[in-house]
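Everything on this sheet refers to the single structure shown next.
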Ligand SMILES: Cc1cc2nc3c(=O)[nH]c(=O)nc-3n(C[C@H](O)[C@H](O)[C@H](O)COP(=O)(O)OP(=O)(O)OC[C@H]3O[C@@H](n4cnc5c(N)ncnc54)[C@H](O)[C@@H]3O)c2cc1C
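Numbering (the working numbering), first residue to last: 179 to 733.
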């Protein structure tokens with residue numbers, strides 16, 4: 179493939195610009211792919227029909243679908259870590275999909291038949307709104323319109339979801355949103371009506387929960403391990419499919435650096451693997467790369483840890499850009515509030531956290547004072563919360579609740595509480611000493627908070643009225659220390675309606691596809707923790723495979 183000098187310079191300038199914009203220099207991926215420059219054909223160490231990068235949900239599903247569509251095709255999944263699974267196996271395994279039988283049953287039994295008249299178009303409108311309209315409508319549409327089919331496909335493979343949930347009349351509605359200027363200033367809180375209320379709180383989830391699967395070894399798996407276990411078993415049925423671990427991919431090979439077909443990948447050890455039909459990138463997000471996260475969202479510090487797969491460091495985002503790919507929504511970083519300081523793997527809504535949600539606790543800084551309205555992990559407030567933590571310089575904080583705020587947990591949860599989260603205190607003096615703040619300050623904070631509960635009005639921080647239900651007054655007091663983690667990154671490679679990666683000019687990159695968290699234009703600002711990733715990895719894992727497997731092998 180000949181590249182004239184002018185085009186090469188133009189392309190390189192664009193790539194340089196994009197890489198600089200999205201901070202991808204922070205990815206440490208080593209040497210980029212080398213253009214063949216129209217000379218000798220590159221030498222390959224191995225070849226397969228389809229090469230999939232990343233052994234998480236999207237990679238496994240792409241592998242399964244390729245095998246179903248063409249059982250004779252040779253498929254390799256290359257996984258960087260010594261165990262496959264990525265964020266997928268750490269996840270809750272819940273799946274967002276509308277029109278499913280359990281969702282309709284749930285609507286019926288709960289006396290709210292709203293989902294009976296649901297349409298895929300309504301789902302699309304909600305989903306675009308929930309993503310602050312950063313999602314690209316034709317791509318988001320594929321996700322929503324195929325969600326029922328993708329849910330059923332997963333059920334046909336063997337996964338069961340045993341329940342549903344939706345949020346229709348949110349208790350979360352802030353009682354006085356205007357109280358906090360910082361909340362108002364939040365960069366992405368773009369959907370306000372003229373009272374300053376966020377229009378987004380009324381969005382509906384289509385949320386199927388409680389996944390279970392019994393794997394070929396007879397183990398009863400739950401959550402993300404269930405989904406992933408099922409996909410592993412189904413991929414393993416194909417004798418022409420291989421999942422190779424400890425196989426980090428460093429770069430992508432394209433005929434010309436930014437022109438022509440993608441022809442394969444190079445591993446970190448230098449081994450060159452040819453893809454006769456296509457390469458499918460399914461290497462997840464970049465939440466495991468603090469430098470890149472910080473460059474994309476400067477409010478998040480560089481040493482932020484991830485609550486997702488540690489191998490997800492954005493390597494393939496840089497590699498793909500170096501062959502001309504376009505990235506979008508890179509600033510849309512998603513944070514978990516409420517992880518344990520003591521134990522990084524314990525993040526989010528972990529069950530060892532024994533208090534029963536924001537109505538049962540206050541959160542105080544190390545000074546013993548409240549600093550926000552105790553929301554946590556509700557996406558529509560995430561940017562405001564990022565602003566507060568950044569502006570106040572807060573890296574960790576304490577939750578204080580009492581005996582009446584306990585959730586219905588097992589003795590093991592209580593056991594783990596002191597190991598992982600904090601301390602059970604008999605008095606507020608003891609709680610203050612654990613926090614390291616003056617007892618008088620903590621007592622004043624709690625006294626004021628209890629008054630807000632009585633008045634159903636939080637004059638300081640505008641905590642939602644629906645959450646002002648529990649006074650904190652009955653010992654013992656449960657005090658836990660929390661911090662934030664990067665959970666997931668909704669930005670990434672721009673794909674088209676074939677799940678094919680497009681270049682900086684908007685053209686398809688021949689024989690290069692992407693799926694799952696690797697992509698950037700499905701969800702918009704928020705990936706949505708209501709199970710939308712499991713539906714996403716299924717939708718675009720399958721779609722990328724269906725298109726890629728039909729390609730004729732390159733000469
Ligand atoms: C704590 C937690 C709970 C969640 N709960 C839910 C939930 O209930 N429902 C839901 O829908 N979503 C949930 N999510 C989000 C969801 O888990 C992810 O968005 C989704 O699993 C991403 O799947 P993936 O296949 O795209 O990426 P992953 O599953 O992360 O897989 C990507 C894989 O690629 C590998 N890789 C990376 N770079 C390379 C390279 N250079 N070479 C080779 N391999 C590479 C990684 O090691 C990794 O194994 C949750 C996330 C977290 C962190």
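Every residue gets a Cβ at the ideal spot worked out from N, C-alpha and C, and that includes glycine.
Computed from a predicted model, the values in this text were never measured in an experiment.
Check your understanding: For residue 715 versus residue 693, is the C-beta spacing smaller than 8 Å?
Key -> Here residue 715 is taken as the residue at index 537 of the chain shown, counted from 1. Here residue 693 is taken as the residue at index 515 of the chain shown, counted from 1. In this structure, residue 693 lies closer than 8 Å to residue 715 by Cβ.
Review point. Do the CB positions of residue 408 and residue 336 come within less than 8 Å of each other?
Key: Position 230 of the chain shown, counted from the first residue, corresponds to residue 408. Position 158 of the chain shown, counted from the first residue, corresponds to residue 336. Cβ atoms of residue 408 and residue 336: closer than 8 Å.
**Study point:** Rounded distance between the beta-carbons of residue 671 and residue 640, thought under 8 Å
**Key:** Your numbering for residue 640 matches position 462 in the chain shown. Your numbering for residue 671 matches position 493 in the chain shown. Between residue 671 and residue 640 the Cβ distance is about 39 Å, and since that is not below 8 Å, they are no contact.
Practice item. Measure the CB-CB distance between residue 513 and residue 664 and report whether it falls below 8 Å. Key: Here residue 513 refers to the residue found at position 335 of the chain shown. Here residue 664 refers to the residue found at position 486 of the chain shown. Going by C-beta atoms, residue 513 is nearer than 8 Å to residue 664.
Exercise for review: Could you check how far apart the C-beta atoms of residue 736 and residue 443 are, in whole angstroms? I think they sit under 8 Å.
Suggested key: Outside the shown range of the chain, which is 179 to 733, sits residue 736, and nothing can be said about it.
Review point. What separation, rounded to the nearest whole angstrom, lies between the Cα atoms of residue 231 and residue 283?
Key: Locating residue 231 in the chain shown gives position 53, counting from the first residue. Locating residue 283 in the chain shown gives position 105, counting from the first residue. If you draw a straight line from the Cα of residue 231 to the Cα of residue 283, it comes to about 38 Å.
Check your understanding: Cβ-heavy atom distance between residue 666 and ligand 1 below 7 Å?
Key -> Locating residue 666 in the chain shown gives position 488, counting from the first residue. At least one heavy atom of ligand 1 is nearer than 7 Å to the Cβ of residue 666, so yes.
Practice item. Give the DSSP-derived three-state secondary structure of residue 466 in the structure shown. Key: Against the chain shown, residue 466 aligns to sequence position 288. Reduced to three states, the DSSP call for residue 466 is coil.
Check your understanding: Taking Cβ to Cβ, would you say residue 455 is nearer than 8 Å to residue 441?
Key -> Against the chain shown, residue 455 aligns to sequence position 277. Against the chain shown, residue 441 aligns to sequence position 263. No, Cβ-Cβ distance for residue 455 and residue 441 is not below 8 Å.
Check your understanding: With respect to 7 Å, is the separation between the Cβ of residue 493 and the closest non-hydrogen atom of ligand 1 below this value?
Key -> As a working mapping, residue 493 is identified with position 315 in the chain shown. Yes, Cβ of residue 493 sits closer than 7 Å to a heavy atom of ligand 1.
Review point. Measuring from the CB of residue 278, is there a heavy atom of ligand 1 at a distance below 7 Å?
Key: Counted from its first residue, the chain shown places residue 278 at position 100. Not so, every heavy atom of ligand 1 lies at least 7 Å from the Cβ.
Check your understanding: DSSP state of residue 491, grouped into three classes?
Key -> Counted from its first residue, the chain shown places residue 491 at position 313. Residue 491 falls in the coil class under three-state DSSP.
Review point. Within the present structure, is the beta-carbon of residue 614 separated from the nearest heavy atom of ligand 1 by less than 7 Å?
Key: Here residue 614 corresponds to residue number 436 of the chain shown, with the count starting at 1. No, since every heavy atom of ligand 1 falls outside the 7 Å radius drawn around the Cβ of residue 614.
Check your understanding: What are the residues that DSSP puts in a beta bridge with residue 659?
Key -> Locating residue 659 in the chain shown gives position 481, counting from the first residue. Paired residue(s): 576.
Review point. Residue 451: beta carbon under 7 Å from a heavy atom of ligand 1?
Key: Reading the chain shown from its first residue, position 273 is the one you call residue 451. No, the Cβ of residue 451 stays beyond 7 Å of every heavy atom of ligand 1.
Practice item. Report whether the distance from the Cβ of residue 577 to the nearest heavy atom of ligand 3 is below 7 Å. Key: For the structure depicted, ligand 3 is absent and the ligand set comprises only ligand 1.
Exercise for review: Mind listing, in chain order, the continuous alpha helix (DSSP H) runs of no fewer than 4 residues lying wholly within the region 614-658?
Suggested key: When DSSP assignments are scanned along the region 614-658, the uninterrupted stretches of alpha helix (DSSP H) that are 4 or more residues long and fall wholly within it turn out to be 617-633.
Practice item. Classify residue 544 as helix, strand or coil using the three-state DSSP reduction. Key: One-based indexing of the chain shown puts residue 544 at position 366. Residue 544 falls in the coil class under three-state DSSP.
Review point. Would the C-beta of residue 273 count as close to ligand 1, meaning under 7 Å from any of its heavy atoms?
Key: Numbered from its first residue, the chain shown carries residue 273 at position 95. At a threshold of 7 Å, residue 273 counts as near ligand 1, since its beta carbon sits closer than that to one of the ligand's heavy atoms.
**Study point:** Local Cβ density within 10 Å of residue 295, reported as buried at 16 or more and exposed below that
**Key:** Here residue 295 corresponds to residue number 117 of the chain shown, with the count starting at 1. Label assigned to residue 295: exposed.
Check your understanding: Does the Cβ of residue 265 lie closer than 7 Å to at least one heavy atom of ligand 1?
Key -> Here residue 265 corresponds to residue number 87 of the chain shown, with the count starting at 1. Yes, ligand 1 has a heavy atom inside 7 Å of this Cβ.
Review point. Measuring from the CB of residue 485, is there a heavy atom of ligand 1 at a distance below 7 Å?
Key: On the chain shown, residue 485 is found 307 positions in, with the first residue counted as 1. Indeed, a heavy atom of ligand 1 lies less than 7 Å from the Cβ.
Point to revise | Enclosing beta strand (DSSP E) for residue 339 [first to last residue] | key: As a first step, residue 339 must be located in the chain shown, where it is residue number 161. Run containing residue 339: 338-343, per the beta strand (DSSP E) assignment.
Exercise for review: Using 7 Å as the cut-off, classify the Cβ of residue 268 as near or not near the heavy atoms of ligand 1, replying yes or no.
Suggested key: Here residue 268 is taken as the residue at index 90 of the chain shown, counted from 1. Correct: residue 268 has its Cβ closer than 7 Å to ligand 1.
Exercise for review: Would you check if the region 568-581 and the region 641-659 touch, i.e. whether three or more CB-CB distances between them fall below 8 Å?
Suggested key: yes
Exercise for review: Can you tell me which of the three DSSP states residue 724 falls into?
Suggested key: Indexing the chain shown from 1 puts residue 724 at position 546. Correct three-state label for residue 724: helix.
Exercise for review: Keeping to the same chain, check which residues put their C-beta closer than 6 Å to that of residue 256; ignore five residues upstream and five downstream.
Suggested key: Along the chain shown, one-based indexing puts residue 256 at 78. So the qualifying residues of the chain are 231, 422, 425 and 427.
Review point. Is the beta carbon of residue 490 sitting closer than 8 Å to the one on residue 465?
Key: To locate residue 490, count along the chain shown from 1; it is residue 312. To locate residue 465, count along the chain shown from 1; it is residue 287. Yes.
Check your understanding: Quick one: is the Cβ of residue 456 within less than 7 Å of any heavy atom of ligand 1?
Key -> The sequence position of residue 456 within the chain shown is 278, counting from 1. No, ligand 1 has no heavy atom inside 7 Å of this Cβ.
Point to revise | Distance cut-off 7 Å: residue 490 Cβ against heavy atoms of ligand 1 | key: On the chain shown, residue 490 is found 312 positions in, with the first residue counted as 1. The answer is yes for residue 490.
Practice item. Pull up the distance between the alpha-carbon of residue 536 and that of residue 553, whole angstroms please. Key: Numbered from its first residue, the chain shown carries residue 536 at position 358. Numbered from its first residue, the chain shown carries residue 553 at position 375. The alpha-carbon atoms of residue 536 and residue 553 are separated by roughly 6 Å.
Exercise for review: Assign residue 161 to one of three DSSP states: helix, strand, or coil.
Suggested key: Lying outside 179 to 733, the shown extent of the chain, residue 161 is not represented and no answer is given.
Check your understanding: Does the region 384-399 touch the region 266-282, meaning 3 or more C-beta pairs lie closer than 8 Å?
Key -> Below 8 Å, enough C-beta pairs join the region 266-282 and the region 384-399 to call them touching: three or more.
Practice item. Answer with buried or exposed for residue 184, where buried requires no fewer than 16 other C-beta atoms within 10 angstroms of its C-beta. Key: On the chain shown, residue 184 is found 6 positions in, with the first residue counted as 1. Note that residue 184 has pLDDT 36, beneath the 50 cutoff, so the model's placement of it is unreliable and no number is given.
Check your understanding: Near residue 584, what residues of its chain come up, given a Cβ to Cβ distance below 7 Å and the 5 sequence neighbours on each side ignored?
Key -> As a first step, residue 584 is located in the chain shown; it is residue number 406 there, counting from the start. Once the five neighbours on either side are set aside, the close Cβ partners of residue 584 are 532, 533 and 534.
**Study point:** heavy atom of ligand 1 below 7 Å from residue 256 C-beta
**Key:** Sequence index remark: in the chain shown, residue 256 carries index 78 (1-based). Yes, the beta carbon of residue 256 sits closer than 7 Å to at least one heavy atom of ligand 1.
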